[in-house]
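Undergrad: Remember, the working numbering sits 3 above the position in the sequence shown when you count from 1.
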Amino acid sequence: MTGNRKVLAYLATALLANLMAATPAHAGADWTEMFEVSGYVESDIRYIVENNRGATPGDGYKFELNRNDVNLRLGITPDERVRAVVDTRLRFYGFNEAAQLPELVSRDRIDPYSLHLDEAYLWVKGLIWDGIDLKFGRMIQNWGTADQFNPTDNLNARDLSDPLDYSAKVPNQMIELDIYPADWLTLSFVWVPVFKPSQLPASATLGFAVEYGKNGCFARAPTPPLRPEDVETLGEQFMLLDPCALNFVDPEVRTVNPPLKIGNSQAAAKAKFLVGDFDFSLSYYYGRFSFPVALDAVAFVDASASQPGEIDVKYIAEIMYPRMHVAGFDFSYSAEWLFDVGFVGEIAVIFPEKVTFGMRAYQGGTELPNLRFSNVNVRDEPFVKATAGFDYTFSSWLYANFMYVRGFFDEFADMYDVHNYVVGAVELKFLEDEMKIRIGTAFNADDISATLNPTVTWVVYPSVELIAGGLIFFGDIDPEDPYDYAKKDKFGMKAAGRSVAFLKGKVSW
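This is the structure we're talking about:
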């Protein structure tokens with residue numbers, strides 16, 4: 004289907020759904036009661052407010068985003084025991100991508116867009132008997148009790164394409180079976196046939212990029228997950244060469260995806276208990292870590308055929324998604340005896356697959372034996388990721404939420420290891436909740452880097468919001484030790500993203 008036909012299909016679906024929902028009662032009340040339509044329209048403009056976190060120095064102070072989203076969520080209930088859900092999103096990116104004259108004839112290049120199907124599933128209630136529900140289709144699962152940082156939640160990969168939205172996930176096809184043997188107990192079983200990885204932010208490629216100085220000469224290559232002494236040996240070889248004579252092409256990073264076999268499916272089970280004001284769950288997950296881990300790399304060094312006196316360096320790396328077993332526990336508790344403070348906690352004990360990173364170098368087609376390295380990148384030993392926090396409403400106009408987080412979304416027990424964070428937010432409301440000021444932060448206690456996310460929300464009318472704010476990164480851009488894979492600031496390194504100011508407008512229905 005061509006791009007224009009896709010858009011027409013989307014608009015036709017949206018129009019048809021709204022017409023059905025708005026059908027007069029005399030046309031059939033039962034028909035209209037089947038449908039529920041909700042959605043939103045959102046515009047999002049962002050401007051980069053620094054010029055030192057891009058691919059090259061001085062690449063800043065420009066628009067980063069000019070996006071418009073149209074979301075439509077349709078719920079259909081043809082029978083009290085059956086429900087179907089479709090959640091779609093049409094996204095226009097707002098930047099011209101026509102780089103050549105022939106592309107100017109294509110509206111798709113001048114005004115690029117994408118169509119997302121976030122959910123499309125069938126929900127059957129009372130399958131076989133009243134205590135069993137079945138969901139089948141494209142879904143997003145949300146396990147755990149903490150706010151966004153849920154180490155026990157692994158069925159859906161993360162969608163980190165938007166640094167302002169940590170809650171987004173990559174939808175996937177799955178089958179969910181829920182059993183309700185008692186009012187206080189829910190048993191859930193989920194099978195995901197095909198693995199899908201997390202979607203990374205655009206800045207992630209900078210983590211593998213070669214850096215150049217202001218003079219255009221080679222400055223630094225990405226640090227591989229080797230022992231520091233091996234990385235130093237590797238660096239010494241390049242120090243013998245003139246950096247301005249090195250034609251160091253950005254690395255080619257290939258993903259090693261698991262074969263489409265049933266043995267690579269994901270499976271999970273959870274038992275959720277309700278005991279008064281105390282809710283807790285025990286869970287198990289088998290599958291893969293959804294963020295890539297470095298597997299191996301090969302460097303090819305040859306005299307340049309086109310530029311006499313220069314040296315071409317081609318670097319090919321492979322990344323993979325290691326298997327893991329996860330045993331989880333989470334809870335939430337509302338302490339009425341302690342001013343109604345809400346407590347949440349999660350702990351995940353992860354049993355990972357061992358990953359050994361290897362690196363080789365070739366010159367003129369011959370391997371250089373002194374530049375052959377190997378190192379265990381992921382140990383096959385259990386490790387812990389956890390979240391513990393509280394939230395409290397001090398008054399009708401003041402709310403706070405703070406958490407200790409061990410292990411960010413993309414952290415595994417590799418050479419970078421798992422770090423410790425303090426994540427929090429304070430929200431103030433004014434003018435009968437029409438004006439909201441929220442200040443959020445994430446602080447890495449290991450490398451002393453952080454993010455700051457202040458926002459101001461004005462509820463212009465019910466369902467209409469204008470939001471202004473920023474996302475600022477703090478930390479060292481350059482690694483503390485260029486020979487140590489772990490010595491880089493989480494929020495300081497360029498791969499974390501750009502500091503931006505933003506303005507949003509949103510209407511929901």
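Glycine included, each C-beta is placed from N, C-alpha and C at the ideal position. Everything numeric in this text was worked out from a predicted model, so none of it was measured.
Spatial neighbours of I353 within its chain, please: CB distance less than 6 angstroms, with the 5 preceding and 5 following residues excluded, ordered by chain position.
TA: Position 350 of the sequence shown, counted from the start, is the residue given in the question as residue 353. Contacts found: M327, V329 and F386.
Undergrad: Between the stretch 498-509 and the stretch 43-61, can you find at least three pairs of beta-carbon atoms closer than 8 angstroms?
TA: With the cut-off at 8 angstroms, the stretch 43-61 and the stretch 498-509 touch.
Undergrad: Taking P254 and A320 to be in contact with their CB atoms under 8 angstroms, please state how far apart those CB atoms are, rounded to whole angstroms.
TA: As a working mapping, residue 254 is identified with position 251 in the sequence shown. As a working mapping, residue 320 is identified with position 317 in the sequence shown. So it is a contact: roughly 5 angstroms between Cβ atoms.
Undergrad: When you compare only the Cα positions, how much space is there between L203 and S170?
TA: Here residue 203 refers to the residue found at position 200 when the sequence shown is read from its first residue. Here residue 170 refers to the residue found at position 167 when the sequence shown is read from its first residue. C-alpha separation (whole angstroms): 13 angstroms.
Undergrad: Mind checking N157: buried by the 16 CB within 10 Å criterion, or exposed?
TA: As a working note, residue 157 is residue 154 in the sequence shown. By the neighbour-count rule (16 or more Cβ atoms within 10 Å), N157 is buried.
Undergrad: Which residues bound the beta strand (DSSP E) around F397?
TA: As a working mapping, residue 397 is identified with position 394 in the sequence shown. It spans F386 to S398 - the beta strand (DSSP E) in which F397 sits, taken as one unbroken run.
Undergrad: Would you list the one or two residues that DSSP bridges to D181?
TA: Here the question's residue 181 lines up with position 178 in the sequence shown. Its beta-bridge partners are D136 and S191.
Undergrad: State yes or no: is the C-beta of F221 within less than 7 angstroms of the C-beta of L249?
TA: As a working note, residue 221 is residue 218 in the sequence shown. As a working note, residue 249 is residue 246 in the sequence shown. Yes, the pair counts as a contact, with Cβ atoms nearer than the cut-off.
Undergrad: Determine whether the beta carbon atoms of V127 and V85 lie at a separation below 7 angstroms.
TA: Position 124 of the sequence shown, counted from the start, is the residue given in the question as residue 127. Position 82 of the sequence shown, counted from the start, is the residue given in the question as residue 85. Closer than 7 angstroms, so yes.
Undergrad: Identify whether L67 lies in helix, strand or coil by the three-state DSSP scheme.
TA: The count along the sequence shown starts at 1 and reaches residue 67 at position 64. The question names Leu, but residue 67 in the sequence shown is Glu. Correct three-state label for E67: strand.
Undergrad: Using the rule of at least 16 other Cβ atoms within 10 Å of the residue's Cβ for burial, across every protein chain shown, is L229 buried or exposed?
TA: Working through the sequence shown from its first residue, we reach residue 229 at position 226. Buried is the call here.
Undergrad: Return the bridge partner residues of E45 from the DSSP annotation.
TA: The residue given as residue 45 occupies position 42 in the sequence shown. Looking at the DSSP assignment, E45 forms a beta bridge with D72 and K509.
Undergrad: Answer with buried or exposed for A28, where buried requires no fewer than 16 other C-beta atoms within 10 angstroms of its C-beta.
TA: Locating residue 28 in the sequence shown gives position 25, counting from the first residue. The predicted model places A28 with a pLDDT of 43, which falls under 50 and marks its position as unreliable; any figure quoted below should be read in that light. Exposed, since its Cβ has fewer than 16 Cβ neighbours within 10 Å.
Undergrad: Determine the burial state of D133: buried for a count of at least 16 other Cβ atoms within 10 Å of its Cβ, exposed for fewer.
TA: Mapped onto the sequence shown, residue 133 falls at position 130. By the 10 Å Cβ count, D133 comes out exposed.
Undergrad: Assuming R86 is part of the beta strand (DSSP E), what are its boundary residues?
TA: Position 83 of the sequence shown, counted from the first residue, corresponds to residue 86. Element bounds for R86: V85 to F95.
Undergrad: Pick helix, strand or coil for D162, following the three-state DSSP scheme.
TA: The residue you call residue 162 lines up with position 159 of the sequence shown. Looking at D162 - three-state DSSP - the assignment turns out to be strand.
Undergrad: Where DSSP assigns a beta bridge to M406, which residues make up the other side?
TA: Residue mapping note: residue 406 aligns to position 403 of the sequence shown, counting from 1. BP columns for M406 point to G392 and V426.
Undergrad: According to the Cβ coordinates, are S293 and S201 closer than 7 angstroms?
TA: One-based indexing of the sequence shown puts residue 293 at position 290. One-based indexing of the sequence shown puts residue 201 at position 198. Cβ atoms of S293 and S201: closer than 7 angstroms.
Undergrad: Around the Cβ of R110, are there at least 16 other Cβ atoms within 10 angstroms (buried) or fewer (exposed)?
TA: In the sequence shown, the residue the question calls residue 110 occupies position 107. So R110 counts as exposed.
Undergrad: For the alpha helix (DSSP H) that contains G290, what are its first and last residues?
TA: Taking the sequence shown and counting its residues from 1, one reaches residue 290 at position 287. Element bounds for G290: not the alpha helix (DSSP H) but the beta strand (DSSP E), F281 to R291.
Undergrad: Would you mind listing the alpha helix (DSSP H) stretches within the stretch 221-278 that are 4+ residues and don't spill past its ends, in chain order?
TA: Whole alpha helix (DSSP H) segments, 4+ residues: 231-242.
Undergrad: Rounding to the nearest angstrom, what Cα-Cα distance links I480 and S191 in this structure?
TA: Numbered from 1 along the sequence shown, position 477 holds the residue referred to as residue 480. Numbered from 1 along the sequence shown, position 188 holds the residue referred to as residue 191. C-alpha separation (whole angstroms): 44 angstroms.
Undergrad: In three-state DSSP terms, what is K128?
TA: Working through the sequence shown from its first residue, we reach residue 128 at position 125. DSSP places K128 in strand when its eight states are reduced to three.
Undergrad: With a CB to CB cut of under 6 angstroms and the five nearest residues on each side skipped, what residues in its chain are close to F412?
TA: Taking the sequence shown and counting its residues from 1, the one referred to as residue 412 is at position 409. Taken in chain order, the residues that qualify are R161.
Undergrad: With H, G and I counted as helix, E and B as strand and the rest as coil, what does DSSP make of R326?
TA: The count along the sequence shown starts at 1 and reaches residue 326 at position 323. Strand, per DSSP.
Undergrad: Under the rule that 16 or more other beta-carbon atoms within 10 Å means buried, what is S284, buried or exposed?
TA: Taking the first residue of the sequence shown as 1, we reach residue 284 at position 281. S284 comes out buried.
Undergrad: Under 8 angstroms: do the stretch 145-157 and the stretch 386-396 share three or more Cβ pairs, one atom per stretch?
TA: With the cut-off at 8 angstroms, the stretch 145-157 and the stretch 386-396 touch.
Undergrad: So the alpha helix (DSSP H) R530 belongs to, where does it begin and stop?
TA: Since the first residue shown for the chain is 4 and the last is 512, residue 530 is missing from the structure and cannot be characterised.
Undergrad: Kindly list the residues whose CB is nearer than 7 angstroms to the CB of D280, restricted to its own chain and excluding five residues on each side of it in sequence; keep chain order.
TA: Translated into the one-based positions of the sequence shown, residue 280 becomes position 277. Excluding positions up to five away in sequence, the list reads Y336, S337 and E339.
Undergrad: Taking its Cβ as the centre, do 16 or more other Cβ atoms sit within 10 Å of N359, making it buried, or is it exposed?
TA: Taking the first residue of the sequence shown as position 1, residue 359 is located at position 356. Residue identity differs from the one stated: residue 359 is Thr in this sequence, not Asn. Classification for T359: exposed.
Undergrad: Roughly how many angstroms separate the alpha carbons of V278 and G478, rounded to a whole number?
TA: Within the sequence shown, numbered from 1, the residue matching residue 278 stands at position 275. Within the sequence shown, numbered from 1, the residue matching residue 478 stands at position 475. Whole-angstrom Cα-Cα distance: 44 angstroms.
Undergrad: Suppose you measure from the CA of K497 to the CA of L209; what does that come to, to the nearest Å?
TA: To locate residue 497, count along the sequence shown from 1; it is residue 494. To locate residue 209, count along the sequence shown from 1; it is residue 206. For K497 and L209, the distance between alpha carbons rounds to 6 angstroms.
Undergrad: Pull up the distance between the alpha-carbon of Y402 and that of G361, whole angstroms please.
TA: Residue 402 sits at position 399 when you count from the first residue of the sequence shown. Residue 361 sits at position 358 when you count from the first residue of the sequence shown. Answer to the nearest angstrom: the Cα atoms are 49 angstroms apart.
Undergrad: Return the residue from the list E83, E106, Y64 and D114 that minimises the CA-CA distance to F95.
TA: Within the sequence shown, residue 95 is the residue found at index 92, counting from 1. Of E83, E106, Y64 and D114, the residue nearest in Cα terms is D114.
Undergrad: What residue range is occupied by the uninterrupted alpha helix (DSSP H) comprising I113?
TA: The sequence position of residue 113 within the sequence shown is 110, counting from 1. Where I113 is concerned, the enclosing alpha helix (DSSP H) stretches over R110 to I113.
Undergrad: With 16 other CB atoms within 10 Å as the buried threshold, where does Y324 fall?
TA: Translated into positions along the sequence shown, residue 324 becomes position 321. Buried is the call here.
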